[in-house]
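According to the UniProt record's numbering, the sequence shown holds residues 1 to 361 in order.
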Amino acid sequence: MDVTVAPPLGMLAELTHRCPLHCPYCSNPVELATRADELTTAQWLAVLDAARDIGVLQVHLSGGEPLARHDLPELVSRAAGIGCYVNLVTSGLGLTAGRLSDLVERGLAHVQLSVQGAEPDRADRIAGARAHRHKLAAAALVKEQDVPLTVNVVLHKENHDVGALIALAEEMGADRLELANTQYYGWALRNRAALMPTPAQLAAAEPVVRAAAQRLRGAMEIVYVVADHYEKYPKPCMYGWGARQLTVAPNGDVLPCPAASAITTLPVENVKTRPLREIWYDSASFNAYRGEEWMSEPCRTCDRRSADFGGCRCQAFQLLGDAAATDPVCSRSPDRGVVDLLLRSPGEQDGFVMRGSVGAR
Ligand code: SF4
Ligand code: FES
C-alpha cells in the first residue's frame, strides 16, 4: 500500500440505474446496468462497511433513482449506524411523507433534489415526464421534516434562466443551490449540440448568480459550476484523481470518478472480485492519474498543477483519446484548438435524444 495516499472522504453509491426520468443531459453511461446486474442488499451492506473501514465519512446514495431500491431504508440505517453522513440524491419521484420520515429516523441527514427547469411545462419536457409538481411536493416534505435541502439544476441551452431558478430554489426553501453547467459525459454527449449554452447565456448568467449569492449570503448558498469549455483553465476535476472520493456503480464496478467508465482504456475493478481497500490504494485504475507523476508537459512543470491537477481525465480521453493528456480546455494545452473548433461549430441538432430507461421500479 502506498502510505502517501490519503483515505477517501466520500463514496457515491449508485444503487441503481433505474429512473423515472429521461433527462437528455444524463451523465450515466450509454449502456445502463439492468436490475439483474445490481448488487444485492447484502453486497451493498458489505460495500458500506468496507467504505467506512477505509475512512469514508460521507455516503451519497444516488442512481438513477435510489428510491427505486426497496432496501433503501436498510442501507440508510447501515450507513448512518456506522457513522457516515448520509445524503439522498433523488428526483423526488416516489418520495412520500411516510418514506421520508422513516429514512430520517434511520439517520438520513441531507436530501439533494434535482430540478430540470424553473417553469413547469419546460421542466417536464426536459425530464421527459410529468415530474415538476412532484419535485415541489418533495421539497415541501423535506422542509417539513427539517432536513437540509440542496436543489441541483443541470444548466444547458434550454433552461439557462438562472434568475428564475434562483427564485424557485428560494421558494422551495433550499439551503443550497447547485447550478451546474452540463458536463458532456455518458448520454449527455449525444445531445451536446442541443445542450451547449450560448456565450450570451453564459455572460448573462454570471452577474445574476454573483448578485444573488451576495443577497442570499447566510440564507442559501449558491454553487455555480462554470461551462469549462469557455474557460481559460480547466476545472480541478474530482479535486484530483483518486484523491477524495470513489464511486460504486450499480453492478459493483468501482470508479475513481462517476464518468470514468467512458475511459475505455482504464482497467475495471469490482467489489465482487477485489476488496475495496485494495482497489482504493493499490489498483491500477485508482493509481493511473494520482498525484503528478503521470503528467506530461505542459502540466508537469506548470505552476497551476496543484490547483487544477491537469483538469479532467474523462474530458481528455473523450476529446483526444488520451486520458493522460492535458485537459484540452486549458489554454496552455497544445490541443486547445479542439475545444475552440467545438465552440465555433457545435453542430446542428433538432431537439433532444431523450435518455432511455432500464425499467420501472
Ligand atoms: Fe492545469 Fe496543466 Fe493547464 Fe497547467 S497546463 S493550467 S496544470 S491543465
Ligand atoms: Fe472523470 Fe473529470 S469527469 S475525471
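Note that CB positions come from ideal geometry on N, CA and C, so glycine has one too. A quick note: this is a predicted structure, and the numbers were derived from the prediction, not measured.
Compute the minimum distance between the beta carbon of S296 and the heavy atoms of ligand 1, and state whether it is under 7 Å. no
If you run the structure through DSSP and keep just helix, strand and coil, what is D172? Here residue 172 turns out to be Met, not Asp, going by the sequence shown. It is helical.
Among A131, P7, N251, C257, nearest to K272 - alpha-carbon criterion: N251
To test your reading of the DSSP string, which unbroken beta strand (DSSP E) runs of 3 or more residues are found completely within the segment 212–236? 221–225
By the 10 Å Cβ neighbour count, where 16 or more other Cβ atoms means buried, how is Q214 classified, buried or exposed? exposed
Hey, quick one: how far does the alpha helix (DSSP H) through L88 stretch, first residue to last? Premise fails: L88 lies in the beta strand (DSSP E), 85–90, not in any alpha helix (DSSP H).
State yes or no: is the C-beta of A259 nearer than 7 Å to some heavy atom of ligand 2? yes
Reference Y224; option with closest CA among V59, R210, S283, E231: R210
Whole-angstrom C-beta distance between M172 and A139, which should lie under 8 Å: 4 Å
If you draw a straight line from the C-alpha of A325 to the C-alpha of F317, how long is it? 8 Å
Would you kindly report the start and end of the unbroken beta strand (DSSP E) that includes L255? 253–255
Measure the alpha-carbon distance for L12 versus F286 and round it to whole angstroms. 15 Å
Between which two residues does the beta strand (DSSP E) holding S114 run? 108–115
Taking its Cβ as the centre, do 16 or more other Cβ atoms sit within 10 Å of Y239, making it buried, or is it exposed? exposed
Contact belief for T90 with L113 at Cβ below 8 Å, rounded distance in angstroms: 6 Å
Counterpart residues of S283 in DSSP-defined beta bridges: DSSP lists no partner for S283.
Spatial neighbours of V104 in its chain, beta-carbon cut-off 8 Å, leaving aside the 5 residues before and after: Q145, V147
Once DSSP output is grouped into helix, strand and coil, what is the label at S62? strand
Span of the alpha helix (DSSP H) around L195: 192–195
Any idea what DSSP makes of T301, helix, strand or coil? helix
Boundaries of the beta strand (DSSP E) in which residue 369 is found, first to last residue: For residue 369 there is no data in the structure shown, the boundaries of the chain being 1 and 361.
Quick check: the Cα distance between R217 and A33, rounded to an integer number of angstroms? 41 Å
Who pairs with M11 in a beta bridge, going by DSSP? V59, L246
Does DSSP classify E178 as helix, strand or coil? strand
With distances taken between CB atoms, is the gap from S77 to G55 smaller than 8 Å? no
Let's see if you can read the secondary structure: which residues bound the alpha helix (DSSP H) around E74? 72–81
Mark A68 as exposed unless 16 or more other C-beta atoms lie within 10 angstroms of its C-beta, in which case mark it buried. buried
I want to check one thing, is the minimum distance from the CB of P234 to the heavy atoms of ligand 1 below 7 Å? yes
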